[in-house]
Each structure stands twice: as structure tokens, then as C-alpha cells.
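Below: the structure, in C-alpha cells.
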Amino acid sequence: MSVRSICRSTAMMALAAMLVLGVGAATILPSEATEIRYVVNDRPITSYDVERRAALLRLMQRKGNISELAAEEMIDQTLRQQEMARVGVNITQAMVDQSYANFASSNKMTTAQLDQILGQAGVTKDHFKEFIRTQIGWGRVMQGRSRAGTSLSEQDVVQKMLQQGGEKPTATEYMLQQVIFVVPAAQRGQIMARRKREAQAMRDRFNGCANTVEFAKGLIDVTVRDMGRVLAPELPPEWKEQISNTRPGGATPIRETERGVEFIGICSAREVSDDHVAKMVFQNQEEGDESFEQMSKEYTTQLRERARIVRR
591 MSVRSICRST
601 AMMALAAMLV
611 LGVGAATILP
621 SEATEIRYVV
631 NDRPITSYDV
641 ERRAALLRLM
651 QRKGNISELA
661 AEEMIDQTLR
671 QQEMARVGVN
681 ITQAMVDQSY
691 ANFASSNKMT
701 TAQLDQILGQ
711 AGVTKDHFKE
721 FIRTQIGWGR
731 VMQGRSRAGT
741 SLSEQDVVQK
751 MLQQGGEKPT
761 ATEYMLQQVI
771 FVVPAAQRGQ
781 IMARRKREAQ
791 AMRDRFNGCA
801 NTVEFAKGLI
811 DVTVRDMGRV
821 LAPELPPEWK
831 EQISNTRPGG
841 ATPIRETERG
851 VEFIGICSAR
861 EVSDDHVAKM
871 VFQNQEEGDE
881 SFEQMSKEYT
891 TQLRERARIV
901 RR
């Protein structure tokens, strides 16, 4: 789930609208004393955490008892983060920072301006980034559960085809090539800028997938990976928009990732229609409707029922 997906929610659209209008709250100072308010499966939630979430909810113009809503959201966030860790969903800081920058850009401001607005409202950029991390990670958890537990049968696909006049849906089939300029974690601060320049130079020369491996031979720590056949509904969420907006024979803009600096080459793209495509398209539609949100709520309720939640 990207921040673009996050922004489809009513609350996030309200926040985006307020940012566009330049609406902010008076500067809110944190309480002098921070105390533990809840313990969720041995992980503490402090009064400072709840205050930051309350400030975010006010910025989103949420109604109701804000203090109680903020506490409940922090409990849910903690449970979801724990479930992300259990199933192995890891959202890197690079991914969060990129999503944060995208959110600022989509609202026609710099990250520094967004930092300032969130700081003045009492939210802080760190709290908002943790909110983003959880939203992206939880989306991946729910996508995995949906595909594992609600996969469409052939009968389901046939029924949906009949509902659409008996026509099979089409989807774009991509042949993709991933180019990674590796940056070791310990050297990110020292060599990241240089690696970005090198990746940008190679991306600017990209004119198809035939010569990529040959170009990479003269470069240090560059990996070229053929991703093979990938249908549009199967595209990695963090790359989906860039890939769909890039012509065949071109390459996506470079991105900083947990591995280093990357771009994806679009070797070819064509419209296809077969049974596998039909199943993928219909499954993707199932994930996008209200039932997906309902499944998220139900699963969070299950986590609450199994959790040890202590109020201090």
C-alpha cells in the first residue's frame, strides 16, 4: 500500500485538504511529564504517543472524544505493528521517507514545509512517519491474507465474467528488468549521492533491455535482474505508478531503496486476456472494495481479543 492509497481514506483526504489550504493549529507543546498509559503485549504506549495521535486526529478534523479515539488508535497501531513483525513484513526507513516526500509533493509543498506544519500542530514528523509505516505494512499484511484466504474459484471467475457480459477482462502484461546500484547500509551516508548520479546516468542511457547487462559490466556493485512476466495487478505497490506511467523501452525514475538506488526498465508491454488474467483482475477488484476494509477491522478485533492490554 502506497501513501497514494492511504490518502484515499476520508481522514487522510481531510488532512491533505487542510495542508493545501495552509490550515494549521497553534503550536502544541508536549506535556512536561510522560507516563505509560497502556501496555500492549509488553510494549508500552506513553501519554506522549497518545498526545501526538490526538494532534493528528484534530488535524484530520475527526469528531468525537479525541483523547479516547487517539488511545484506541495507538492500541490498534501497536497490535498491527506486532502482527507485521510476526508475519515478516518489513517497511524500511527509505520506503517511509519516500512516501512522506510523495505526500508532501502531492500537496504542493516541500518536506521541510510539511515538517513545520506537523510540528506546529503537535503531531511531529516522526509520529506521522510511523503512522505511514504502519499503514503501508498493514496493507501488505491484509493483501497477503486476502490472497491466501479468499482466492477466487473458477466458478467465481465465470460468474463475474457473466456479470460483465461474458467478456474476459484484459490487463497489461509487462516484461521488466530491475537495475540495482547496491549501497551497503554502513556506507549510505558516504556514497549515496554518488550512486544516485551513477544510477541516473545509466537510466538516462536506457533504451531497452537488450544491452543493460553489457552496460552494467563496467560498473561496480550493479545488479541487473530480469523480473520476467508481470501483470499489472501483480506490480509491486511501491513501483506500480512509475511503471504504468513509463513507455515500453523506457525506465522508471530512480528511487532510493533499502538495497541502494534502483530503477526498473520496461522491456515490453501488451494487453493480454486469459484465465489467469481474469482471476488476477477479479481478485484485485475484490481487494479494492469495502469488504477489504471490513476484513481489516475484523482482523484487528481478533488481535485485540488475543492480546494482553493493560491500562495504567
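Under our numbering, residues 591 to 902 are what the sequence shown spells out, in order. Virtual Cβ for every residue (Gly too), placed ideally from N, Cα, C. These figures come from a predicted structure and were not determined experimentally.
Sequence-distant residues of the same chain with beta carbon closer than 6 Å to residue i, five excluded per side
i: Met765; result: Cys857, Ser858
i: Glu883; result: none
i: Leu704; result: Ala694
i: Thr740; result: Reliability of the predicted coordinates at Thr740 is poor, the pLDDT of 49 falling under 50, and no value is obtained from them.
i: Gly798; result: Gly839
i: Ala661; result: Val640
i: Asp816; result: Gln767
i: Lys715; result: Asp705, Leu708
i: Arg905; result: For the chain, the structure presents residues 591 to 902; residue 905 sits outside this window and is missing.
i: Lys786; result: Val851
Closest residue to residue i among the options (Cα-Cα distance)
i: Thr701; options: Tyr690, Gly709, Gln733; result: Tyr690
i: Asn631; options: Ala660, Ile665, Asn697; result: Ile665
i: Leu809; options: Met792, Ala897, Ala800; result: Met792
i: Gln688; options: Thr802, Glu673, Arg723, Ile707; result: Arg723
i: Phe721; options: Gln710, Ala806, Gln672, Gln667; result: Gln667
i: Asp794; options: Ile844, Glu895, Val812; result: Ile844
i: Thr836; options: Glu804, Asn801, Phe796, Gly818; result: Phe796
i: Ile770; options: Leu708, Val686, Arg860, Thr802; result: Thr802
i: Glu846; options: Ser657, Tyr889, Ala783; result: Ala783
i: Arg894; options: Ile656, Arg670, Glu658, Leu659; result: Arg670
i: Arg898; options: Arg849, Gln672, Arg819; result: Gln672
i: Met674; options: Val772, Arg735, Trp829; result: Arg735
i: Tyr638; options: Val677, Asn655, Gln710, His717; result: His717
i: Glu828; options: Thr813, Gly678, Asn692, Glu804; result: Asn692
i: Ala905; options: Glu831, Ala806, Arg819, Arg849; result: Past the boundaries of the shown model lies residue 905; the chain is included only from 591 to 902, so the question cannot be answered.
i: Val772; options: Lys807, Ala800, Thr813, Gln780; result: Thr813
i: Leu821; options: Val862, Ala711, Gly654, Pro634; result: Val862
Enclosing alpha helix (DSSP H) for residue i [first to last residue]
i: Gly779; result: 778-795
i: Thr802; result: 802-807
i: Asp639; result: 637-649
Sequence-distant residues of its chain with Cβ nearer than 8 Å to residue i (five each side left out)
i: Ile833; result: Tyr764, Leu766, Leu825, Thr842, Ile854, Ile856
i: Arg902; result: Glu625, Ile626, Arg627, Tyr628, Val629
i: Val713; result: Arg642, Ala645, Leu646, Leu649
i: Val677; result: Val731, Gly734
i: Arg896; result: none
i: Ser886; result: Trp728, Met732
i: Ala806; result: Val769, Met792, Val812, Thr813, Val814
i: Ile781; result: Val773
Extent of the continuous beta strand (DSSP E) to which residue i belongs
i: Ile833; result: No beta strand (DSSP E) contains Ile833, which is instead part of the alpha helix (DSSP H) from 830-834.
i: Arg763; result: Strictly speaking, residue 763 in this sequence is Glu, with Arg absent from that position. Taken as a continuous stretch (DSSP letters only), the beta strand (DSSP E) holding Glu763 covers 761-772.
i: Ala775; result: Here Ala775 belongs to no beta strand (DSSP E), and DSSP marks it neither H nor E.
i: Phe799; result: Contrary to the premise, residue 799 reads as Cys rather than Phe in this sequence. First-last for Cys799: undefined, no H or E at that position.
i: Ala822; result: Element bounds for Ala822: n/a, residue is neither H nor E.
i: Arg627; result: 626-630
i: Glu861; result: 850-862
i: Arg837; result: Here Arg837 belongs to no beta strand (DSSP E), and DSSP marks it neither H nor E.
i: Ile899; result: 899-901
Beta-carbon contacts of residue i that lie in its chain and below 7 Å, excluding the five residues immediately before and after
i: Thr636; result: Thr624, Glu625, Ile626, Arg627
i: Val686; result: Lys719, Ile722, Arg723
i: Arg778; result: none
i: Ile656; result: Ala644, Leu647, Arg648
i: Gln892; result: none
i: Lys830; result: none
i: Arg819; result: Glu763, Met765
Heavy atom of the ligand COA within 7 Å of residue i beta-carbon
i: Glu861; result: Here there are no bound small molecules, and the ligand COA is not part of this structure.
Residue-chain proximity (residue i, chain D), Cβ-Cβ < 8 Å
i: Val900; result: Given the protein chain composition of this structure (a single chain), no chain D is represented.
Every unbroken beta strand (DSSP E) within the stretch 654-720, with a cutoff of 3 residues, ordered by chain: Counting whole runs of 3 or more residues, the stretch 654-720 contains no beta strand (DSSP E) stretch at all.
Stretch pair the stretch 761-777 + the stretch 728-736: three plus CB contacts closer than 8 Å: No, the stretch 761-777 is not in contact with the stretch 728-736.
Three or more C-beta pairs below 8 Å linking the stretch 646-655 and the stretch 673-691: Flag = no, the stretch 646-655 and the stretch 673-691 do not touch.
The stretch 837-853 contacting the stretch 785-803, beta-carbon criterion three pairs below 8 Å: Yes, the stretch 837-853 is in contact with the stretch 785-803.
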